[in-house]
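Peer 1: Protein chains in written order, with the numbering used here: chain A, 1 to 115; chain B, 116 to 261. The beta carbon of each residue, even a glycine, is placed where N, CA and C say it ideally should be. Please read all numbers here as calculations on a predicted model, not as lab measurements. Have a look at the structure that comes next, please.
Right, here's the structure in full:
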């Protein structure tokens, strides 16, 4: 059985923005399921924590939302990425790539390189 | 500019607080229903499917509270609570006091009456009838009764 990892602090927003960028408008449940699927079911997402985050992103103007019908005709709130959200995603992606590159350098460092 | 937008957003949130609470409630209900339906399709019993969906979702009240905090309304709600609680407490005490006084008005305090009845009886007579109250008459030391 695979061990599920908790979502790292601050990474959920990036995952939500990227999910909306790739898949287009989604409701909260759809976003939670896609995050679990994309992570290969390795991430344990506490699904409810998405809602305060979606609200925050909406207040920042990164996403907008409107009521619509889900795949089984249930009323659901659909979230859509805005232009502002795309810019935020781009900026966060650069930050993460930079952080990952720095950490990779630490892992690759050998004693002789530092003398 | 960002501060102005946040302030306008806060005002909007304050004005539409009830609607937003309703929206959140509907979203959470819909989310749990969708998860329950998926588990049902996987062959889980209805009760277990619902339980699993609730577990996956997490603490509903905590999430609602986080959303309120995100909308910046926790301060307003705390302030409203702080203002309403003393008023409500005073009303409750006043109602309880008037009940106790009306109860003692009809009864004659004697040596066997309890402390509350004695206090209210003596208080009532001192306040409304202007009689001199002695320790023997009330059954309680005057300085304690008053």
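Any contact of the region 73-85 of chain A with the region 129-148 of chain B, i.e. 3+ C-beta pairs under 8 angstroms?
Peer 2: yes
Peer 1: How many Å lie between residue 159(B) and residue 131(B) at the Cα?
Peer 2: If you number the second chain from 1, residue 159(B) lands on position 44. If you number the second chain from 1, residue 131(B) lands on position 16. About 39 angstroms.
Peer 1: Which word fits residue 171(B), buried or exposed, when buried means at least 16 other C-beta atoms lie within 10 angstroms of its C-beta?
Peer 2: What you label residue 171(B) is simply residue 56 of the second chain in a count that begins at 1. Its Cβ being crowded by 16 or more others within 10 Å, residue 171(B) is buried.
Peer 1: In chain B, which residues lie less than 9 angstroms from residue 70(A) when you measure between Cβ atoms?
Peer 2: What you label residue 70(A) is simply residue 70 of the first chain in a count that begins at 1. Here the neighbours are 145 and 149.
Peer 1: From residue 123(A) to residue 101(A), what does the alpha carbon distance come to, in whole angstroms?
Peer 2: This structure cannot settle anything about residue 123(A), because the visible part of chain A is limited to 1 through 115.
Peer 1: What residues from chain A crowd round residue 197(B), counting only those whose CB sits closer than 8 angstroms?
Peer 2: Here residue 197(B) is taken as the residue at index 82 of the second chain, counted from 1. Simply none; closest approach about 24 angstroms.
Peer 1: Work out the CA separation of residue 204(B) and residue 103(A) for me, nearest whole Å.
Peer 2: Residue mapping note: residue 103(A) aligns to position 103 of the first chain, counting from 1. Residue mapping note: residue 204(B) aligns to position 89 of the second chain, counting from 1. Straight-line Cα distance between these residues: approximately 58 angstroms.
Peer 1: Any idea which residues DSSP pairs residue 67(A) with across the strands?
Peer 2: Taking the first residue of the first chain as position 1, residue 67(A) is located at position 67. Answer is 77(A), bridged to residue 67(A).
Peer 1: Could you tell me the distance, in whole angstroms, from the CA atom of residue 49(A) to the CA atom of residue 173(B)?
Peer 2: As a working mapping, residue 49(A) is identified with position 49 in the first chain. As a working mapping, residue 173(B) is identified with position 58 in the second chain. Each residue's Cα considered, the two are about 8 angstroms apart.
Peer 1: With contact counted as at least three CB pairs below 8 angstroms, one residue from each stretch, are the region 86-98 of chain A and the region 33-53 of chain A in contact?
Peer 2: Between the region 86-98 of chain A and the region 33-53 of chain A, the count of C-beta pairs closer than 8 angstroms stays below three; the two stretches do not touch.
Peer 1: Please report whether the beta-carbon of residue 154(B) lies at a distance below 8 angstroms from any beta-carbon of chain A.
Peer 2: Start at 1 with the first residue of the second chain, and residue 154(B) comes out as number 39. Closer than 8 angstroms: no.
Peer 1: Could you confirm whether any beta carbon from chain B is found closer than 8 angstroms to the beta carbon of residue 28(A)?
Peer 2: For the purposes of this step, residue 28(A) is taken as residue 28 along the first chain, with counting starting at 1. Taking Cβ atoms only, chain B reaches closer than 8 angstroms to residue 28(A), which makes this a yes.
Peer 1: Looking only at C-alpha atoms, which of 88(A), 59(A) and 73(A) sits nearest to residue 21(A)?
Peer 2: Counting from one through the first chain, the residue named residue 21(A) turns up at place 21. Checking every option, the nearest Cα to that of residue 21(A) belongs to 88(A).
Peer 1: For residue 186(B), go through chain A and note every residue whose CB falls closer than 9 angstroms to its CB, in chain order.
Peer 2: The residue you call residue 186(B) lines up with position 71 of the second chain. For residue 186(B), the C-beta contacts it makes with chain A under 9 angstroms involve 55 and 59, in order along the chain.
Peer 1: Strictly by DSSP, which residues pair up with residue 108(A)?
Peer 2: Within the first chain, residue 108(A) is the residue found at index 108, counting from 1. DSSP lists no partner for residue 108(A).
Peer 1: Compute the Euclidean distance between the alpha carbons of residue 63(A) and residue 154(B), then round it to the nearest angstrom.
Peer 2: Here the question's residue 63(A) lines up with position 63 in the first chain. Here the question's residue 154(B) lines up with position 39 in the second chain. Cα-Cα distance, rounded: 29 angstroms.
Peer 1: In angstroms with no decimal places, state the Cα-to-Cα distance between residue 149(B) and residue 201(B).
Peer 2: Here residue 149(B) corresponds to residue number 34 of the second chain, with the count starting at 1. Here residue 201(B) corresponds to residue number 86 of the second chain, with the count starting at 1. For residue 149(B) and residue 201(B), the distance between alpha carbons rounds to 43 angstroms.
Peer 1: Compare the C-beta of residue 76(A) against all C-beta atoms of chain B and say whether one is closer than 8 angstroms.
Peer 2: Taking the first chain and counting its residues from 1, one reaches residue 76(A) at position 76. It does: the Cβ of residue 76(A) has a partner Cβ on chain B nearer than 8 angstroms.
Peer 1: For the alpha helix (DSSP H) that contains residue 30(A), what are its first and last residues?
Peer 2: For this step, residue 30(A) is matched to residue 30 along the first chain. Residue 30(A) -> alpha helix (DSSP H) spans 28-38.
Peer 1: Answer yes or no: do residue 68(A) and residue 17(A) have a C-beta to C-beta separation smaller than 8 angstroms?
Peer 2: Here residue 68(A) refers to the residue found at position 68 when the first chain is read from its first residue. Here residue 17(A) refers to the residue found at position 17 when the first chain is read from its first residue. It is not a contact, given that the beta carbons lie outside the stated cut-off.
Peer 1: Based on the DSSP secondary-structure assignment, which residues constitute the bridge partners of residue 43(A)?
Peer 2: The residue labelled residue 43(A) in the question sits at position 43 within the first chain. Per DSSP, 5(A).
Peer 1: Under three-state DSSP, which class holds residue 12(A)?
Peer 2: Locating residue 12(A) in the first chain gives position 12, where the first residue counts as 1. Helix.
Peer 1: Interface residues of chain A around residue 172(B) at Cβ under 7 angstroms?
Peer 2: Along the second chain, read from residue 1 onward, the residue named residue 172(B) stands at position 57. Within chain A, the residues near residue 172(B) are 47 and 48.
Peer 1: With 8 angstroms as the threshold, decide whether the Cβ of residue 12(A) is near any Cβ in chain B.
Peer 2: Residue 12(A) sits at position 12 when you count from the first residue of the first chain. No, no contact with chain B.
Peer 1: Hey, quick one: how far does the alpha helix (DSSP H) through residue 145(B) stretch, first residue to last?
Peer 2: Residue mapping note: residue 145(B) aligns to position 30 of the second chain, counting from 1. Counting along the chain, the alpha helix (DSSP H) containing residue 145(B) begins and ends at 132-156.
Peer 1: Classify residue 118(B) as helix, strand or coil using the three-state DSSP reduction.
Peer 2: In the second chain, the residue the question calls residue 118(B) occupies position 3. In the structure shown, residue 118(B) sits in a helix (DSSP, three-state: H, G or I).
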